[in-house]
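Read through the structure below, which is laid out as structure tokens, and then see the notes.
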Amino acid sequence: MKLKFKKFIELFWWLFLFASVNVTILSLFVILYFIIKNGINKISFEFLFSAPKKGMLEGGIFPQLFGTFLVTLISGLVSVPLGIGCAIYLNEYSKENILTRIIRIAIRNLSGVPSIVFGLFGFLLFVQIFNFGMSLISAGLTLGIMTLPIIISVSEEALKGVPIYYREIAYSFGATKWQAIKTAVLPYALPGILTGIIIGLSRAAGETAPILFTGVAFYLPYLPKSIFSQFMALPYHLYIMSTQHHSLSKARPVAYGTALVLIILVLMLNLYAIILRYKKRKIKLE
Amino acid sequence: MNNNVIISVKNFSFYYNEVEALKNINMDIEKNKITSIIGPSGCGKSTFLRSINRMNDFIPNHRVKGEILIDGENIYDKSVDVIKIRQKVGMVFQKPNPFPMSIFENVAYGLKIQGIKDKNYIYHKVESSLKDAAIWDEVKDRLHHNAFELSGGQQQRVCIARALAVEPEILLLDEPASALDPTATLKIEELLLSLKQKYTIVIVTHNMQQAARISDKTAFFMLGELIEYDDTEKIFTAPSKKITEEYITGRFG
Numbered sequence: 002m003k004l005k006f007k008k009f010i011e012l013f014w015w016l017f018l019f020a021s022v023n024v025t026i027l028s029l030f031v032i033l034y035f036i037i038k039n040g041i042n043k044i045s046f047e048f049l050f051s052a053p054k055k056g057m058l059e060g061g062i063f064p065q066l067f068g069t070f071l072v073t074l075i076s077g078l079v080s081v082p083l084g085i086g087c088a089i090y091l092n093e094y095s096k097e098n099i100l101t102r103i104i105r106i107a108i109r110n111l112s113g114v115p116s117i118v119f120g121l122f123g124f125l126l127f128v129q130i131f132n133f134g135m136s137l138i139s140a141g142l143t144l145g146i147m148t149l150p151i152i153i154s155v156s157e158e159a160l161k162g163v164p165i166y167y168r169e170i171a172y173s174f175g176a177t178k179w180q181a182i183k184t185a186v187l188p189y190a191l192p193g194i195l196t197g198i199i200i201g202l203s204r205a206a207g208e209t210a211p212i213l214f215t216g217v218a219f220y221l222p223y224l225p226k227s228i229f230s231q232f233m234a235l236p237y238h239l240y241i242m243s244t245q246h247h248s249l250s251k252a253r254p255v256a257y258g259t260a261l262v263l264i265i266l267v268l269m270l271n272l273y274a275i276i277l278r279y280k281k282r283k284i285k286l287e
Numbered sequence: 018m019n020n021n022v023i024i025s026v027k028n029f030s031f032y033y034n035e036v037e038a039l040k041n042i043n044m045d046i047e048k049n050k051i052t053s054i055i056g057p058s059g060c061g062k063s064t065f066l067r068s069i070n071r072m073n074d075f076i077p078n079h080r081v082k083g084e085i086l087i088d089g090e091n092i093y094d095k096s097v098d099v100i101k102i103r104q105k106v107g108m109v110f111q112k113p114n115p116f117p118m119s120i121f122e123n124v125a126y127g128l129k130i131q132g133i134k135d136k137n138y139i140y141h142k143v144e145s146s147l148k149d150a151a152i153w154d155e156v157k158d159r160l161h162h163n164a165f166e167l168s169g170g171q172q173q174r175v176c177i178a179r180a181l182a183v184e185p186e187i188l189l190l191d192e193p194a195s196a197l198d199p200t201a202t203l204k205i206e207e208l209l210l211s212l213k214q215k216y217t218i219v220i221v222t223h224n225m226q227q228a229a230r231i232s233d234k235t236a237f238f239m240l241g242e243l244i245e246y247d248d249t250e251k252i253f254t255a256p257s258k259k260i261t262e263e264y265i266t267g268r269f270g
């Protein structure tokens with residue numbers, strides 16, 4: 002009796018864990034299947050490389066693709082150097098004390114702030130106070146700040162993973178602190194840091210809320226002329242095509258096509274991160 | 018006073034969190050000799066070794082008292098550039114720890130740190146260092162392979178070559194063979210014996226037979242104190258202190 006009960010418990014937990022995995026994987030594949038099935042017909046050279054026409058129901062999504070690319074690039078230009086710099090300082094230079102502990106908690110909390118709050122913050126600071134207006138630069142900076150905590154935490158983990166004795170060898174050769182970091186720490190933390198950058202940027206590319214108040218436009222008949230111009234972007238385009246358009250049923254195929262492009266973009270970035278992590282693991286195994 | 022003294026330790030104490038890890042050490046280390054440091058775990062022998070190239074600077078809450086003179090210069094003097102000290106005093110660590118890069122790049126590492134860019138010089142230095150470390154013949158055909166492809170003993174000899182490339186006067190070795198098998202250990206020992214013509218070698222070892230085999234002088238440390246320091250032969254045949262004899266004969270430790 003007792004043994005039977007034990008076996009039942011064993012089976013119950015196995016089933017529960019097994020089901021968890023399946024539900025997770027299944028939902029990913031259902032999403033992918035659904036979007037690919039509905040969007041694949043829309044994908045063509047014209048869709049990717051021409052401007053929208055006729056109430057955005059025809060033509061392509063090139064301005065949106067271009068806008069997303071630019072705004073992600075700007076956010077990267079801000080968040081990558083600042084994020085890596087911050088991670089290096091925290092891990093290599095700062096001493097462990099109450100202040101650094103507070104800073105770390107703050108960074109962790111920052112990554113939990115809802116993206117719409119970043120949007121509001123960006124609107125206040127960049128659009129209004131700095132007077133950049135609704136523009137690529139305001140939106141890029143806002144996204145940059147949003148991705149900072151991700152890049153910092155992942156980079157710091159990567160730096161922590163570099164064995165202490167690499168630093169010791171460097172010092173034993175009379176290396177200065179920066180020399181030791183440059184020659185014996187960064188090269189081995191780089192795959193991890195790059196993973197952090199990619200995860201951060203792929204999140205930035207897919208966000209709608211932070212750019213909503215800071216620079217994205219519903220429709221523009223031209224491409225942005227400078228970093229102070231408004232722009233169109235994939236996630237926002239997806240949002241309007243699926244909820245805001247005057248004839249939603251006609252807009253649906255465009256929405257699916259846009260979703261597919263966006264998801265492929267983000268998946269490609271993530272795939273690249275996975276490859277980098279795989280390479281990193283190989284270095285360690287050697 | 019002996020003219021051959023290269024390292025002179027004078028009333029040297031090392032405190033870690035106000036605990037005295039090294040207690041008033043006085044010791045003269047001679048040039049072109051191999052000096053072994055033996056003693057039970059936690060006796061301060063590694064701390065002592067790392068005091069000679071100031072690798073202990075990174076330990077938080079530490080404090081030193083007294084002097085260590087290298088070529089007559091107190092390395093703990095405020096005016097001393099620690100970077101110069103470390104270029105003069107090379108170090109080989111316990112575990113073979115090449116960087117995950119090619120054999121060539123590993124040996125050239127210290128030269129790169131010193132800012133040497135002359136490719137010709139670097140190439141010749143890498144070659145001569147690998148020859149000095151008695152590993153040239155084994156690696157000359159695969160200099161640009163990853164150093165991790167080598168066996169542990171070979172890796173350790175590459176690490177020794179890496180330390181030699183920057184032409185130190187003194188070579189500190191922290192249990193360099195403790196992670197190696199007996200054959201590889203023997204090779205390292207032969208290597209060290211051949212190196213003492215050019216370098217002064219200070220080696221921390223757990224292995225008393227090793228100290229007896231290769232060193233000219235042996236220092237026995239216990240609980241942070243230098244108990245006895247003399248010619249190796251004397252330490253192993255007729256130690257003047259009873260506790261040294263007990264340790265040597267394996268009654269504790």
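Protein chains in written order, with the working numbering: chain A, 2 to 287; chain B, 18 to 270. Note that CB positions come from ideal geometry on N, CA and C, so glycine has one too.
Best match in the options for proximity to residue i [C-alpha to C-alpha]
| i | options | result |
| --- | --- | --- |
| V255/A | P192/A, L29/A, I26/A, Q65/A | Q65/A |
| R168/A | G162/A, A185/A, E157/A | A185/A |
| K157/B | T200/B, F29/B, I102/B, F121/B | F121/B |
| L66/B | N49/B, N78/B, A38/B | A38/B |
| V81/B | K48/B, K129/B, G89/B, V26/B | V26/B |
| T143/A | V155/A, L249/A, L125/A, L160/A | L125/A |
| K40/B | I46/B, R159/B, F31/B | F31/B |
| V106/B | Y216/B, T235/B, K50/B, I139/B | Y216/B |
| P10/B | Y172/A, K226/A, V163/A, K3/A | With chain B covering only 18 through 270, there is no way to say anything about residue 10/B. |
| A164/B | N114/B, K234/B, Y140/B | N114/B |
| I69/B | L212/B, M108/B, S58/B, N20/B | M108/B |
| N224/B | E192/B, V175/B, K95/B | E192/B |
| V221/B | Q131/B, T52/B, L203/B, D149/B | T52/B |
| E211/B | N49/B, Q111/B, A228/B | Note on residue identity: the sequence assigns Ser, not Glu, to residue 211/B. Among N49/B, Q111/B, A228/B, the Cα nearest to that of S211/B is on N49/B. |
| Y94/A | I182/A, K280/A, M269/A | I182/A |
Residue i, buried or exposed, once every other Cβ within 10 Å from all chains shown has been counted against 16
| i | result |
| --- | --- |
| S374/A | One cannot answer for residue 374/A here, as it falls past the ends of chain A, which runs 2 to 287. |
| T244/A | exposed |
| H238/A | buried |
| Q231/A | buried |
| N34/B | exposed |
| S139/A | buried |
| P211/A | buried |
| V72/A | buried |
| M147/A | buried |
| E287/A | Reliability fails at E287/A, whose pLDDT of 43 lies under 50, so the model's placement of it is uncertain and the value that follows must be treated cautiously. Looking at its Cβ environment, which holds fewer than 16 other Cβ atoms inside 10 Å, E287/A is exposed. |
| T215/A | buried |
| A255/B | exposed |
| M239/B | buried |
| P82/A | exposed |
| Y34/A | exposed |
| F17/A | exposed |
Chain D within 8 Å of residue i, Cβ atoms only
| i | result |
| --- | --- |
| I100/B | Looking at the structure shown, chain D is missing, and the protein chains on hand are A and B. |
Start-to-end residues for the alpha helix (DSSP H) that takes in residue i
| i | result |
| --- | --- |
| L203/B | 199 to 212 |
| D45/B | Counting along the chain, D45/B falls outside any alpha helix (DSSP H), though it belongs to the beta strand (DSSP E) covering 36 to 47. |
| A228/B | 225 to 231 |
| K62/B | 62 to 69 |
| F35/A | 3 to 40 |
Endpoints, beta strand (DSSP E) assigned at residue i
| i | result |
| --- | --- |
| S30/B | 22 to 33 |
| T52/B | 51 to 55 |
| M147/A | Here M147/A belongs to no beta strand (DSSP E); instead the alpha helix (DSSP H) covers 137 to 161. |
| V221/B | 217 to 221 |
Neighbourhood of residue i by C-beta distance below 7 Å, restricted to the same chain and skipping five residues each side
| i | result |
| --- | --- |
| H161/B | S119, F121 |
| K251/A | L58 |
| L147/B | V124, W153, V156, A178 |
| M18/B | Interpretation of M18/B is limited by its pLDDT of 49, a score under 50 that renders its predicted location unreliable; the figure taken from the coordinates is listed afterwards. The answer is none, since no qualifying residue turns up. |
| S116/A | M147, E208, A210, P211 |
Contacting residues, own chain, Cβ-Cβ under 6 Å from residue i (five flanking each side not counted)
| i | result |
| --- | --- |
| L213/A | G120 |
| P150/A | I108, L111, S112 |
| K43/A | P254, G258 |
| E242/B | K40 |
| L277/A | P192, L195, T196 |
Sequence-distant residues of the same chain with beta carbon closer than 8 Å to residue i, five excluded per side
| i | result |
| --- | --- |
| I37/A | L261 |
| R71/B | I92, Y93, V99, I102, R103 |
| E90/B | V97 |
Check: residue i C-beta below 7 Å from any heavy atom of the ligand GDP
| i | result |
| --- | --- |
| L202/A | Here there are no bound small molecules, and the ligand GDP is not part of this structure. |
### Query
In chain order, which beta strand (DSSP E) runs of at least 3 residues are fully inside the segment 172 to 197 of chain A?
none
### Continuous alpha helix (DSSP H) assignments of at least 4 residues falling wholly in the segment 150 to 197 of chain B
153 to 156, 169 to 181
#### Entry: alpha helix (DSSP H) segments (min. 4 residues) lying fully within the segment 73 to 136 of chain B
99 to 105, 120 to 130
#### Entry: Whole alpha helix (DSSP H) elements within the segment 59 to 144 of chain A, 4-residue minimum
63 to 89, 99 to 111, 116 to 123
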